[in-house]
Structure formats: structure tokens, C-alpha cells
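Chemist: Below is a structure I'd like to ask you about.
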Amino acid sequence: MNAAGLDIGSLTTKLVILDGDSTTASVVIPSGEEAEATAREALAQAKGTEFKDSLYFVSTGIGGKTVSFAQQQKSITTCLARGISRLFPSARMLIDIGAESITIVKLNERGRVSDWLGHDKCAAGTGIFLQQMAKLMQMPLEEMAKISLNAKSSAEISSTCAVFAESEVISHVHRDPPTPREDIVAGIYSSLVSRVMALAKRVGIEKDVAVSGGVGLNIGLVAMLEKELGFKVLVPEQPQLVAALGAAVIAGENLGR
Amino acid sequence: MTISKPDINLSLPTLEKFREINRIFPHTEHILAQKRDGKKVFGWLCTYVPEEILHAAGILPVRITGYSNEVELDDGNAYLYINNCSFSRSCLQMGLRKDYEFLDGVVGGSTCDGARRLFDLWRHYIGTPFYHVLTVPRKYTEKAHALYLNEVIQFKEHLEEYLGFKISDESLLPSIELYNESRDLLWQLYELRKSGSPPVSGTETMEISNASYRMPKEIFNQWLKSLLNEIKDSPRPHIGRARLMLVGSVLTNTEFIKAIEDQGGLVVTDELCTSTRYWGDRVKLEDNEPPVKALARRYLNNYPCARMFPSDERFNRIIDAALKFKVDGIISQTIRYCVPYAHDLPLLTRRLKEHDIPILSLDVEYSTPGSGQIQTRVQAFLEMLEAKKK
Amino acid sequence: MKATGKNNLESILRACRLILRMSQGTADMSPSRNLYYNMLIKYFSRLLHAKENEDFIAAHTVFFPAELIYAMGLVPMHTETTTWMTALFTGECSDILAAGASLGMASEICTPHRGLAGAFAIGALPRPNVMLWSNMVCDNTAKSGELVMELCDCPGFFIDRPFKDSNYEVNYLVSELQDLVRFLEDKSGKKMDWDKLSETVARMDRQIELVRQVNELRKNVPTPFRAQGFTELLTIDYLFPGQPEAIEYLETLLAELSETVKKGEGAVARERFRIMSLFIPPMYLMAFLEKMSQEYGAVSVIEPFFTFWGEGRLDPAHPLESVAKKSYMIPEMRMYRPLDQPALDAIVDCAKQYKIDGAIFYADVGCRHSCATIKLFKDALNRIDIPMLTLDCDVVDPTITSEEEFREKLERFFELLEDR
Chain Y
180 MNAAGLDIGS LTTKLVILDG DSTTASVVIP SGEEAEATAR EALAQAKGTE
230 FKDSLYFVST GIGGKTVSFA QQQKSITTCL ARGISRLFPS ARMLIDIGAE
280 SITIVKLNER GRVSDWLGHD KCAAGTGIFL QQMAKLMQMP LEEMAKISLN
330 AKSSAEISST CAVFAESEVI SHVHRDPPTP REDIVAGIYS SLVSRVMALA
380 KRVGIEKDVA VSGGVGLNIG LVAMLEKELG FKVLVPEQPQ LVAALGAAVI
430 AGENLGR
Chain G
258 MTISKPDINL SLPTLEKFRE INRIFPHTEH ILAQKRDGKK VFGWLCTYVP
308 EEILHAAGIL PVRITGYSNE VELDDGNAYL YINNCSFSRS CLQMGLRKDY
358 EFLDGVVGGS TCDGARRLFD LWRHYIGTPF YHVLTVPRKY TEKAHALYLN
408 EVIQFKEHLE EYLGFKISDE SLLPSIELYN ESRDLLWQLY ELRKSGSPPV
458 SGTETMEISN ASYRMPKEIF NQWLKSLLNE IKDSPRPHIG RARLMLVGSV
508 LTNTEFIKAI EDQGGLVVTD ELCTSTRYWG DRVKLEDNEP PVKALARRYL
558 NNYPCARMFP SDERFNRIID AALKFKVDGI ISQTIRYCVP YAHDLPLLTR
608 RLKEHDIPIL SLDVEYSTPG SGQIQTRVQA FLEMLEAKKK
Chain V
3 MKATGKNNLE SILRACRLIL RMSQGTADMS PSRNLYYNML IKYFSRLLHA
53 KENEDFIAAH TVFFPAELIY AMGLVPMHTE TTTWMTALFT GECSDILAAG
103 ASLGMASEIC TPHRGLAGAF AIGALPRPNV MLWSNMVCDN TAKSGELVME
153 LCDCPGFFID RPFKDSNYEV NYLVSELQDL VRFLEDKSGK KMDWDKLSET
203 VARMDRQIEL VRQVNELRKN VPTPFRAQGF TELLTIDYLF PGQPEAIEYL
253 ETLLAELSET VKKGEGAVAR ERFRIMSLFI PPMYLMAFLE KMSQEYGAVS
303 VIEPFFTFWG EGRLDPAHPL ESVAKKSYMI PEMRMYRPLD QPALDAIVDC
353 AKQYKIDGAI FYADVGCRHS CATIKLFKDA LNRIDIPMLT LDCDVVDPTI
403 TSEEEFREKL ERFFELLEDR
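Chains as they are written, first to last, in the numbering used here: chain Y, 180 to 436; chain G, 258 to 647; chain V, 3 to 422.
Encoded structure:
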């Protein structure tokens, strides 16, 4: 029997299958309306449903509780901690910027959660927020990420409210003369980083710091975060898979490995 | 309606000096000199700390305030939490980031929840060498006065023990006289604003008020005397669409007042922790009475903070000033999560209505420059006041 | 349906009677709980019929020494409790909160106090004969009286409780209490029965001792007192200080808990986590928290700011001095003084004594003074390796947080504790 982790998020569903310590399969697909159906789809893409019975599943994420074939369900924070600890044993703090929430997890050397803090009350500073901004700026997210590195200065954009931030971006775009696009993007990222820093300080910053969630692939944002922190952060190759990996690691532990 | 703006050729040199103090605080020459001379600088919070005692001990007292503009308060939020007023968070953050490292002591009063928690956290996480909190009663009764006098004496004794010398009655008298002089001079300045076309704006006056708690009173008094002469020699009539009074707790950012005055709202007087509440009342020495007693009496009876009971004492002072300065309307700036002042608003509004004085109530964050929504609301308020005058 | 003074008290009474009727004979309705609900019924019935009985209603804020009101034969009305119980039992508080807002009260003013002003404004609480309040324990309490006096057109008295506990300050408080007695005698036309007050103080001393004994039993592993039972202890103290019913309840409770301990049983089927609760959980989530406790085996074994009384005994021979002294012993009032190192050490010591696995801090959005201690207590507890969960909530307003949010956060926290 192999260990498998399923992270069913609001935007995407992630699956990781382990054979011992190595990952034999990983899948990221958009989340459908039903967690169960999406989970099966992810499995189909990975290995085929005929292997379902020889896998021990631990599920997590928003849809984690409704997967009938998962043997165990764990909270996202537990899985994030385990996952990042497997990838970077020196990590003591993880900043997860997901689609709808920012979560900061503090972990010990055994990959156990010692504290966490989340912000999920509003969109400010999340993946969805960035998607909205990209639409407003009329450029793909990847381009946004790149050009922010060229910004000479950063436009002032409110960080406490996504609604206000949106109207501020609009006014920057329509200004005469218009604020340079790279500056606006820098401003958007800066407001997100502010939100992250506010949470991080509440929970207490401890090195080494790692980043997870789809937003971890955003080089501009990561650069800005490192600037605020004053040191480099650890970013996994596939930052969206951290929780699923952690769930798989827990599955492995349950199987006695 | 025309708005008369001050002729920039008629700028006041001493006003520029006051502005500079506020701009570079706390890296002012006076603080640096005091430290260089091996003397002490103490920070105080709230208008219930008897400064004259610190002064008589050779200490330079400066008021603890927060950042002069609106900044991210991550550290403040982490310790004081988001639901304490941004003033207390701003002060704490400055303390945590070592902006107040030069302080040899801090003294506060048990005035409000925000202040007392600020002081609790200051004690644990910043650890200034000398630390004292006075119990401040909430009443004005004889017994309350006796209690507060006892507190002032306890404070004085604690200070004497720490410094290793006594602060005699004789040494207190010149300090009291000096501080009274400041108060008198500031009232002279304010008297000028009673005129139909005051020679100084609210924005400018706030610079002076701000500087008053950041520098040695000896030098402040000198400068203010010069300034009063400069004003006398230069006509600078300010006329606005309406005469306003600004009330509330702490306000230090003059940009906020400027935002109001740029729209034609002339601020002719105020009731703020950083202005009249601070220097409003003199110390009155009665015959054969120890100076500490006169000090304690003055500080407890002083221009009321909203924490005091009965609230009508504060309301009456506001109405009194509004009438004396012929104010058309009042703007109240309440910092979010400032509980005592927020609680006062319903009753204050009723009292003002009895005197037919309109009030605009603004919810602000500490050090807001007063942009956007605030300007819109001020404009609407001014239009309403103009219409009322017709 | 518009809220009126009668309707709201009637709702509370209806709910209490219903709970009693439905739980008759079930394991849930122990003798002490039975007493508890009967006490509530008695309290609110008395208020409901006060006017027709020509009783004198003395409205008072939290921690106000209601012993004095009882000793004078007047009818006490605990404003915050009556307000939140109204919300709890009618399931809604939006009307009184809206009324508070329309009075011009800012949304940052905490809901119990915004609510009580709103409640008086729309007649959801009976009009009192006097309004009594103090600065215990925060600015919100200190500023709530004057508006109520105006809304109800009644006289009032404010007790100024000093910040520190020097002899001088305690004496000041005693003189405040003397003034209060004179005020009440003047307004009610009744005289203070000093013998009755001494008896009340003697009972208050016993009451505190009994709570201490209950707390001693709670140190037991497994703990015998049900997970959210502390709210009963709190309400008993708020509504019945020094009253015979309170003694009866506590003695009954103590007997029940002793029995449970003797049998080697606990409050929950399998005790997994011993929790220290800091400040007040949302009242409208009580049943849910009870359920979570049972489900996860997580029990609140001690609440430093509700149930953990400070040191000291009360002396009936000196009733007013004792009432003053009590104000320094009240669990939450220990927060209204300089928070020095001994205060932090006391929390840490409490955590050790009760063998705590984790702490939960209920961060009420309207409560400034308590939230400012979150980091302080978290750091102190973390130093002895006890994790603390912070739950943003509001004690009365259900729109601030939901059951789902609470469930998710509690689950994560319990997993964290499990994993250790």
C-alpha cells in the first residue's frame, strides 16, 4: 500500500502519491463542485482509479471532509507543517498564500504545528485578489510577476481592504499621466506583503521561513517579501503541493513508515 | 465666498522653528544636548502627569506621541491587538522599534484602557529604566483630590528615591512659574484667534501646541514671545467660510487641520489632548500651601478628559469655548476604538443641540492626514454651516 | 415584534422554564443545574413584577457590589447580564444593537454596553429607579451610566474604583461605598440594614470559599465539572453575590463534583485536552462549545478571569471594607491594576496547577483591555510550552463569527495538541 495525500481547495485540488520518500505522482486540477468527484478525477489523472484500493489516503483542505475513500482527514495547518518540513527540514515558519486565505504556520523540527494564524475574512492579499488585479491591469499574472521587478518605486495602495485597493488601482491606471504599470504592480504586491507581515509579526517571525501556495511561483512577490523580511525565503519547486505532500507524509506515518 | 490665505511673504520665522522641532522630533537639538550633558529625558503620557515635578528634578519631560503620519502598525497590532486605538499602537510601535530608546524614564496615569495597556506592555517589552504609573481618580470630589495628591506625592518620592536627591518645595516654585508662563503665552496666542479674522490659522497653532510638549519650556517661552511679536508686526488676516472648533482626544498631524482649512473651515479654537487640554489651566498657588498640593489640584481639575465624571464638566468647557470664540460649528475627531470619547458623543451632541451648535463627528485613525472621505464630509458640513448663517 | 420591557424578561423566563421542563430527569439536569435555572427564574420574575409590587429597581453594571443592593431590600438589575441573556434566549440582539447605533454609539463600543444602552432606549429593559455603575473593569463600563440616566430619566451614582491597591486607595473606595449607601437611602427611602449586610458579607466569604473548593476539585484528572459549566459560576457571582441561593447552588454543586471525583469519572467521556479559558466565549455558542468539548474531550478546567478568585477572606464585622476588598479579589478585576510580573506569574502558576494542555483566548472584538493582553499571556504560556489559540469573536453579536469558523479553528488547535 502506498501513501497518498489529497488537498481539496476552493480553486484547485492537489494529489500527491508517495512511494517511500519519493513522489511517484502529483496532480493539480481545478476544483469542481463536488469534492468527491474532483478527487476521483485527480486520481484518474495520476494513476487510474484501479489503483484506488491500494492507496492510503489522508485528505485535507476545504473539501477534505467529504471524500468518502479517505481513511483520515487532517486540518490544512497540520498538513502544511508536515509537508514543508519534509521539503525543508530547517523550516520553522511557513507562509501559505492560497486562493482565498493567507495562513502562517509555525512548526518545530518534527514538522509539528506549534502555532498558526490565518486571515480568511476577506480577499485582501490572496490569490483571488491577485487574479482580480491582473484583470484590472489587463495582463497575465506571469507578466505581472516579471515587471514588478523593474519598478523604480511602488504606488501607494491600501492594504487593509480589497475593495479600496481595487478602486485605488483603477485610479492609478486612469491617472493623467498614468502611473507606470510596474509601479502599480509593485504597489499591489506591496499591499499583499504588508498583510503577510502583519500576520507574521503577530505570530512571531522565526527562520527559516518558507513560502507555499500557488503564489509562491510569483517571483516578483517573493522578491518583495524577502526585502521586507530582510532575508531569503525557501520556496519549493511546486509550492501548491505542500499541503497534499504533508497529507501524504501523514498517510505514510499511519502506514508505519 | 472668498477664502483669504496667508500671504507667504508674511511667513513667521519663529513658526518655522517650531515646525522644524516637530519635523525632527525626537532628534531635536534640545534632547540631544540634554543627553550630551549627562542629564535625563523622561517620556510622559496623558495630561494627568505633573510635569513640573520632572522639570524641578532637572529632567527634560517630553510627551510620548506616535508617528506623525499614518503608517502600518504591524508591531503595535501584534502587541496591543487591532482593537486598541491607533494612538496607543503607534506609540508602542515607536517604543518597540527603539525610537524612544533615549528615554531614561516613562511616567503615565491610569487614564484609559489604551493608555494603561500601553504602559503594561511598555514595562514588559521595552523596559525603560524608570517607570511609574499614577492612579488618577475619575471624580472631582474632595476625597478624589486627596487621593490624587497622595499619588503625586508617591510619584515624587519614587522619583527622589531613584535620583538620589530630594525635590524641594523651593525648587518646584520656579518650575511652576515657568510652566504657568507657557500657559499664559499660549492663551495670549489663542486670544488673537477670537478676532473675526485671526492672524494665525488652526494648522499653524497646532504646530506651536505640538512643539510645546517636545522642548524645554524655557526656550519654548522665548520663542513664543518672539512669535507673538512677529504676529503683531505682520497683518495676516484669515477668513473662512465658517469658524470651527476641533474637539477630541489626541491629534498631532497638522495635515488633518490643513485639510479642513484648505476647504475654508477656519479652526479658531480646540479641545484636544495635545492642545488646550494640555496647557489650558494654570497652577494657582494659595497661601501657605505646599506647591505639590497646588499642582495636584490643577492637574486633576484641568480641562477634562472624557474619562472624568461627570461628563458635563467637559461638555460645559467645550460649550464655553465655542461661545467665547464665536464658533459656527464643531468638528469632533474620534480615533477608532477610543472608547471614552466615543461614549461622550451621544450626550455631547445633545448638549450642543441645546445651544444650537452643529457638530460633525469624524471617525479617524491617529495621524490621518484627512483625505478623501473626510474632506467630502467636511465640505458638506461647511456648506450646511454657510446655509445656516444666511 | 417590537421589544418591550416585559417581552424580553418574559422571553428569558419562558426559555428557562422550557429548559427545565424538557430536561427533567435527564442526566444533563443535575440538581445544581436545576437550582441554577430556578434561580434565574426567580431573579427575572422579581424584575418583571417589580413595578406592580412597587419595588425599587437598582440597575447596576458588572462587578458593581450588588450585595449592598440586596442588603437594602432593593431589586437589583444586572444590566450587562440581562442584556446578553435577552440576546441569548431570544436568539437575537440586532434590535438592541441597532438601537444603540441610532443613539450615536460607535461600533467600537463593546456589544454588552452598546446593547444595554440600546435596550433601555427601546424599553427592552424595565426602567430602573436608579442607575449605578463603576469603572470596573473598563472604560466602557465607566462611561455607560450617564447615557442610561438620561434615557431613563433617573438619578445615578458612579463608584470610582482606584487603579492600584494601596491602603490609601482602598480607603478611598470604602468612602465611595459609604457615599453610595447614603445615596441609595436617600433615593429609596429605605435604610441600610447593616446586620443584613454583615450576614451578606459572611455569605459572600463562604461563597468565594466554595468556588475555591470547586476549583480545587477541578484540578483532578479527569476534571469533574462539565466543560462550559463555568458560565454558571460566573452568573451566580454576577446575579447573587452573598445570597442564600448562591450558597445552596455551590454546596449542591460541590457535592455532585465530589461524587464524580470519588467515582473516578470526568466531565467528558474521554478527557483528552485540559484547557485554560481566557475571557468570555460567545454566549450564543455555548451549546456548540459544549458539544465540541464532548466530541474532542477538551474541557475548560480553569478560567483565570472568571472563576479564579484572588487571595483573601472577607470580614462580616467590617462589611464595607470587605466589599471594597472583594473588588480586588474578583477574578477579572485582577486585570484592572498594573500588569506586573507577579500577575503573569500567577497565570503561569495557574496553568501548572491545573495541568493545562493548551489555552484558548476569546478575543472579543469590542474588548480593548483584554485583547491587549493576548501577546503578553501567549508569550508567558509559550515559555512553559503551552500553546494558546486566539479566537476572534463577539460575546453577544453572532454576525462577527460563525460556528463553522470556530469549529475549524478548534479542530486545528486540537490537532495541534494531539500531534505534540
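We treat Cβ as the ideally placed atom computed from N, Cα and C, and that holds for glycine.
Here the structure is a predicted model, which means the values were calculated and not measured.
Given Arg276/G, which residues of its chain have a CB within under 6 Å of its CB, disregarding the five upstream and five downstream residues?
Modeler: Glu464
Chemist: In the DSSP assignment, find the unbroken alpha helix (DSSP H) run with Thr81/V in it and report its ends.
Modeler: In this chain, the alpha helix (DSSP H) harbouring Thr81/V covers 81-92.
Chemist: Where in the region 268-318 of chain V do unbroken runs of the alpha helix (DSSP H), each at least 4 residues long, occur, reported from the N-terminal end onward?
Modeler: The qualifying runs are 288-298.
Chemist: Give every residue of the same chain whose Cβ lies closer than 6 Å to the Cβ of Thr259/G, excluding the five residues on either side of it in the sequence, and list them in chain order.
Modeler: Low confidence applies to Thr259/G: its pLDDT is 46, below 50, so where it sits in the model is not reliable enough to give any reading.
Chemist: Is the distance from the Cβ of Lys583/G to the Cβ of Arg500/G below 8 Å?
Modeler: Yes.
Chemist: Is the Cβ of Lys541/G closer than 8 Å to any Cβ of chain V?
Modeler: no
Chemist: Counting only the same chain and skipping the five closest in sequence on each side, list residues whose C-beta sits under 7 Å from that of Lys193/V.
Modeler: Excluding positions up to five away in sequence, the list reads Glu187.
Chemist: Would you mind telling me which residues of chain V sit closer than 8 Å to Leu218/G, beta carbon to beta carbon, in chain order?
Modeler: The displayed coordinates of chain G run from 258 to 647. Any statement about residue 218/G would go beyond what the structure contains.
Chemist: Check Cys395/V in the structure and name its three-state DSSP category.
Modeler: strand
Chemist: Starting from Arg471/G, follow the beta strand (DSSP E) in both directions and report where the run begins and ends.
Modeler: Arg471/G -> no beta strand (DSSP E), and no H or E assigned at all.
Chemist: Considering only residues of the same chain and omitting the five flanking positions on each side of Thr262/V, which have a CB-CB separation below 7 Å?
Modeler: Result list for Thr262/V: Pro226, in chain order.
Chemist: Rounding to the nearest angstrom, what Cα-Cα distance links Cys342/G and Ser439/G in this structure?
Modeler: 30 Å
Chemist: State the Cα-Cα distance for the pair Ser324/V and Ser200/V, rounded to the nearest angstrom.
Modeler: Cα-Cα distance, rounded: 9 Å.
Chemist: For the ligand HEM, is there a heavy atom less than 7 Å away from the beta-carbon of Pro33/V?
Modeler: This structure does not include the ligand HEM; it has no bound ligands of any sort.
Chemist: Within the 8 Å Cβ cut-off, does Asn545/G reach chain Y?
Modeler: no
Chemist: With a threshold of 8 Å between beta-carbons, can Pro394/G be considered close to chain V, or not?
Modeler: Judged by the 8 Å Cβ criterion, Pro394/G is in contact with chain V.
Chemist: Tell me which residues of the region 318-335 of chain G have at least one Cβ-Cβ distance to chain Y shorter than 8 Å, keeping chain order.
Modeler: Shown in chain order are the members of the region 318-335 of chain G whose Cβ falls below 8 Å from a Cβ of chain Y: Glu329, Asp331, Asp332, Asn334, Ala335.
Chemist: Quick one: what does DSSP say Pro246/V is sitting in, helix, strand or coil?
Modeler: helix
Chemist: Under 7 Å Cβ-Cβ, which residues of chain V neighbour Leu369/G?
Modeler: It is Cys, not Leu, that sits at residue 369/G in the sequence shown. Neighbours of Cys369/G in chain V, taken as residues whose beta carbon is under 7 Å from its own, are Asp141 in chain order.
Chemist: At 8 Å on the CB atoms, spell out the chain G contacts of Arg354/Y, in chain order.
Modeler: Ordered by position in chain G, no residue passes the 8 Å Cβ test against Arg354/Y, which lies about 15 Å from the chain.
Chemist: Taking only the alpha-carbon atoms, compute the straight-line gap between Val382/Y and Trp295/Y and give it to the nearest angstrom.
Modeler: 7 Å
Chemist: From Leu481/G to Leu443/G, what distance separates their C-alpha atoms?
Modeler: 8 Å
Chemist: Is the Cβ of Ser254/Y closer than 8 Å to any Cβ of chain V?
Modeler: yes
Chemist: Here's the rule: buried if 16 or more other CB atoms are within 10 angstroms of the residue's CB, otherwise exposed. What is Pro389/V?
Modeler: Counting Cβ neighbours within 10 Å, Pro389/V comes out buried, since at least 16 surround it.
Chemist: Checking 8 Å against the spacing of the C-beta atoms, do Ala119/V and Ser146/V come in under that value?
Modeler: yes
Chemist: Taking DSSP as the reference, what is the three-state secondary structure of Pro78/V?
Modeler: strand
Chemist: Quick one: is Tyr338/G near chain V, going by C-beta distance under 8 Å?
Modeler: Closer than 8 Å to the CB of Tyr338/G there is at least one CB belonging to chain V.
Chemist: Measuring straight from C-alpha to C-alpha, what distance separates Lys253/Y and Ala426/Y?
Modeler: 7 Å
Chemist: Going by Cα to Cα distance, which pick from Tyr397/G, Asp527/G, Phe344/G is closest to Asp569/G?
Modeler: The residue with the shortest Cα to Cα distance from Asp569/G is Tyr397/G.
Chemist: What does a CB cutoff of less than 6 Å around Ser532/G pick up in its chain, not counting 5 residues either side in sequence?
Modeler: Ser466
Chemist: Measure the C-alpha to C-alpha separation of Leu449/G and Ser373/Y and round it to an integer number of angstroms.
Modeler: 45 Å
Chemist: Mind checking which residues open and close the beta strand (DSSP E) that includes Ile283/Y?
Modeler: Residue range 281-286 is occupied by the beta strand (DSSP E) that includes Ile283/Y.
Chemist: How many whole angstroms separate the CB atoms of Lys221/V and Gln355/V, which I take to be in contact at a CB cut-off of 8 Å?
Modeler: 6 Å
Chemist: Just tell me which of Phe307/V, Lys377/V, Tyr72/V has its CA closest to the CA of Leu391/V.
Modeler: Lys377/V
Chemist: Can you look up Tyr240/V in the DSSP assignment and give me helix, strand or coil?
Modeler: Tyr240/V sits in a helix when the DSSP states are folded into three classes.
Chemist: Closer than 7 Å by C-beta to Cys18/V: which residues in its own chain qualify, once you throw out the five before and the five after it? Chain order, please.
Modeler: In chain order, Tyr39, Leu42, Ile43 place their CB closer than 7 Å to the CB of Cys18/V, counting only its own chain and leaving out the 5 sequence neighbours on each side.
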